[in-house]
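Student:
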Amino acid sequence: MSGNTNTLLSFLSASINRRAGLAVLFASAVAIVGLAAPSFAEDKRAVKVGIMSGEDEDVWRVVTAQAAERGLTIETVVFNDYTQPNEALERGEIDANAFQHKPYLDNQIKTQGYHIVPVGYTGVWPIGLYSKKYTKIADLPEGAVIGVPNDPSNEGRALRVLQSEGLIKLREGTGILATTTDIAENPKKLVVKELDAGIVGRSVEDLDGAVVNTDWALKSGLTPENRIAQEAVADNPYRNFIAVKAGNENQPWVKTLVASYQNEKVKAEFDRVYKGTGISAY
Numbered sequence: 005m006s007g008n009t010n011t012l013l014s015f016l017s018a019s020i021n022r023r024a025g026l027a028v029l030f031a032s033a034v035a036i037v038g039l040a041a042p043s044f045a046e047d048k049r050a051v052k053v054g055i056m057s058g059e060d061e062d063v064w065r066v067v068t069a070q071a072a073e074r075g076l077t078i079e080t081v082v083f084n085d086y087t088q089p090n091e092a093l094e095r096g097e098i099d100a101n102a103f104q105h106k107p108y109l110d111n112q113i114k115t116q117g118y119h120i121v122p123v124g125y126t127g128v129w130p131i132g133l134y135s136k137k138y139t140k141i142a143d144l145p146e147g148a149v150i151g152v153p154n155d156p157s158n159e160g161r162a163l164r165v166l167q168s169e170g171l172i173k174l175r176e177g178t179g180i181l182a183t184t185t186d187i188a189e190n191p192k193k194l195v196v197k198e199l200d201a202g203i204v205g206r207s208v209e210d211l212d213g214a215v216v217n218t219d220w221a222l223k224s225g226l227t228p229e230n231r232i233a234q235e236a237v238a239d240n241p242y243r244n245f246i247a248v249k250a251g252n253e254n255q256p257w258v259k260t261l262v263a264s265y266q267n268e269k270v271k272a273e274f275d276r277v278y279k280g281t282g283i284s285a286y
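Under the numbering used here, the sequence shown is numbered contiguously, ending at residue 286.
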């Protein structure tokens, strides 16, 4: 009996050791898969991108097609207010957005505490002074009422257009976030009205002139023929870009997204849609 017993005990011991070894191997495999899982999760195959309503929707249809060829599915989420795309990105409701320039984002980060970074340029839309009453700057009368967008980055941008045309002079040392309180000289005694960016373009009929962003100018029915002044394009700090949450900028899907925008097919559609009012910036 003792011989049989020893044989049985040896068999059981070996069996237990084999099972223990298999358990360790299984646990190790699970751990390895667990460590690898985040990289697969982060390398997205479908993303939501926030854009502004209007002409950019046409451009992003081509971007979406380009992304599909690269294995990335894009769903565009269309907004009508400049404040919404960054709110949605910060909350994780979208994966990226494409609508803003660096001065605007910097101000949003300062005031809202967002964790958003630019990853690839798209285009630049030179802001312009539009009028339906006058065809050149010299015709603007004394006391002319000029509308400007009231958000910090674009108001400063608008005031610099007026300064470049000799209509006003800003205080020395004024940064890019200038406001009407920074006007040091106003020889024509212009009345500068601060209006919501979405309203200023539609108010041109009631004003002597208005400094309007290109997208709102197009939505408001304004044309290059109505533009009597425009900011310089060279070294323009207001290039728009695709942005993502900080920490995602080096993810493979981000590089694919940027490449899906920065190519000749998208540039051709961009040029067709914006007819020279916007310029590709990559």
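C-beta: ideal position from N, C-alpha, C; glycine also. Since the model is a prediction, treat every value here as computed from it, not as a measurement.
With 16 other CB atoms within 10 Å as the buried threshold, where does Arg164 fall?
Tutor: As a working note, residue 164 is residue 160 in the sequence shown. With 16 or more other Cβ atoms within 10 Å, it is buried.
Student: Among the candidates Lys279, Val270, Gly251, Pro228, whose CA atom is the shortest distance from the CA of Thr139?
Tutor: Numbered from its first residue, the sequence shown carries residue 139 at position 135. With distances taken between Cα atoms, Thr139 lies closest to Pro228.
Student: Could I get the ranges of all uninterrupted beta strand (DSSP E) runs contained in the stretch 174-250, with 3 residues as the minimum, in chain order?
Tutor: DSSP runs (the beta strand (DSSP E)) wholly in the stretch 174-250: 187-189, 195-199, 213-216, 231-234, 244-249.
Student: Measure how close the beta-carbons of Ala285 and Tyr108 come, nearest whole angstrom, since I'm counting them as under 8 Å.
Tutor: The residue given as residue 285 occupies position 281 in the sequence shown. The residue given as residue 108 occupies position 104 in the sequence shown. About 15 Å separates the two Cβ atoms, so there is no contact after all.
Student: Throw me the rounded Cβ distance for the Glu146 and Lys193 pair, which I believe falls under 8 Å.
Tutor: Within the sequence shown, the letter at position 142 stands for residue 146. Within the sequence shown, the letter at position 189 stands for residue 193. Between Lys193 and Glu146 the Cβ distance is about 5 Å, and since that is below 8 Å, they are a contact.
Student: Ala72 to Ile78, Cα distance in whole Å?
Tutor: Residue 72 sits at position 68 when you count from the first residue of the sequence shown. Residue 78 sits at position 74 when you count from the first residue of the sequence shown. If I take the Cα positions, the gap works out to 8 Å.
Student: Looking at the structure shown, is Ser168 part of a helix, part of a strand, or coil, going by DSSP?
Tutor: The sequence position of residue 168 within the sequence shown is 164, counting from 1. In this structure, Ser168 counts as helix in the three-state DSSP scheme.
Student: Could you have a look at Ser57 and say whether DSSP puts it in helix, strand or coil?
Tutor: If you number the sequence shown from 1, residue 57 lands on position 53. If DSSP states are grouped into helix, strand and coil, Ser57 belongs with coil.
Student: The beta strand (DSSP E) with Glu272 in it runs from where to where?
Tutor: Working through the sequence shown from its first residue, we reach residue 272 at position 268. For the record, residue 272 in the displayed sequence is Ala; it is not Glu. Unbroken run through Ala272 is the alpha helix (DSSP H), 268-278; no beta strand (DSSP E).
Student: Hey, how far is the Cα of Gly75 from the Cα of Pro156?
Tutor: One-based indexing of the sequence shown puts residue 75 at position 71. One-based indexing of the sequence shown puts residue 156 at position 152. For Gly75 and Pro156, the distance between alpha carbons rounds to 39 Å.
Student: Shortest alpha-carbon distance to Val53 belongs to which of Asp85, Asp62, Gln70, Asn101?
Tutor: As a working note, residue 53 is residue 49 in the sequence shown. Closest by alpha carbon: Asn101.
Student: I'd like the list of long-range same chain contacts for Val67, defined as Cβ closer than 6 Å, with 5 residues on each side in sequence excluded.
Tutor: Looking up residue 67 in the sequence shown gives position 63. Around Val67: Ser264, Tyr265, Val270.
Student: Would the beta-carbon of Ile120 fall within 8 Å of that of Leu144?
Tutor: As a working mapping, residue 120 is identified with position 116 in the sequence shown. As a working mapping, residue 144 is identified with position 140 in the sequence shown. Contact flag unset, no.
Student: Just the Cα atoms here: how many angstroms apart are Met56 and Gly151?
Tutor: The residue given as residue 56 occupies position 52 in the sequence shown. The residue given as residue 151 occupies position 147 in the sequence shown. C-alpha separation (whole angstroms): 22 Å.
Student: Measure the CB-CB distance between Val123 and Phe245 and report whether it falls below 8 Å.
Tutor: The residue labelled residue 123 in the question sits at position 119 within the sequence shown. The residue labelled residue 245 in the question sits at position 241 within the sequence shown. Yes, the Cβ-Cβ distance between Val123 and Phe245 is below 8 Å.
Student: For Lys52, which three-state DSSP category applies?
Tutor: Numbered from 1 along the sequence shown, position 48 holds the residue referred to as residue 52. Strand at Lys52.
Student: To the nearest angstrom, report how far apart Gly179 and Ser168 are at their CA atoms.
Tutor: Reading the sequence shown from its first residue, position 175 is the one you call residue 179. Reading the sequence shown from its first residue, position 164 is the one you call residue 168. Roughly 15 Å between the two C-alpha positions.
Student: Since Gly213 and Ala162 are thought to touch, with beta carbons under 8 Å apart, how far apart are those beta carbons, to the nearest angstrom?
Tutor: Taking the sequence shown and counting its residues from 1, one reaches residue 213 at position 209. Taking the sequence shown and counting its residues from 1, one reaches residue 162 at position 158. Going by Cβ atoms, the distance from Gly213 to Ala162 rounds to 11 Å, so no, they are not a contact pair.
Student: Going by other Cβ atoms of all chains shown within 10 Å of its Cβ, with 16 needed for buried, is Asn254 buried or exposed?
Tutor: Numbered from its first residue, the sequence shown carries residue 254 at position 250. Exposed: under 16 other Cβ atoms inside 10 Å.
Student: Compute the Euclidean distance between the alpha carbons of Arg49 and Pro256, then round it to the nearest angstrom.
Tutor: Residue mapping note: residue 49 aligns to position 45 of the sequence shown, counting from 1. Residue mapping note: residue 256 aligns to position 252 of the sequence shown, counting from 1. Cα to Cα, Arg49 sits roughly 10 Å from Pro256.
Student: With 16 as the cutoff for other CB atoms within 10 Å, does Ala272 come out buried or exposed?
Tutor: Here residue 272 is taken as the residue at index 268 of the sequence shown, counted from 1. Ala272 comes out exposed.
Student: Which residues bound the alpha helix (DSSP H) around Pro153?
Tutor: In the sequence shown, the residue the question calls residue 153 occupies position 149. It is not in any alpha helix (DSSP H) - Pro153 instead sits in the beta strand (DSSP E) that spans 149-153.
Student: Pick helix, strand or coil for Ile283, following the three-state DSSP scheme.
Tutor: Sequence index remark: in the sequence shown, residue 283 carries index 279 (1-based). Reduced to three states, the DSSP call for Ile283 is strand.
Student: So Asn230 packs on Tyr134, CB below 8 Å; how close in whole Å?
Tutor: For the purposes of this step, residue 230 is identified with residue 226 of the sequence shown, where counting begins at 1. For the purposes of this step, residue 134 is identified with residue 130 of the sequence shown, where counting begins at 1. That pair is a contact at about 5 Å.
Student: Using the rule of at least 16 other Cβ atoms within 10 Å of the residue's Cβ for burial, across every protein chain shown, is Gln70 buried or exposed?
Tutor: Walking along the sequence shown from the start, residue 70 turns up at place 66. Result: buried.
Student: Under the rule that 16 or more other beta-carbon atoms within 10 Å means buried, what is Gly96, buried or exposed?
Tutor: As a position in the sequence shown, residue 96 is number 92, starting the count at 1. That one is exposed.
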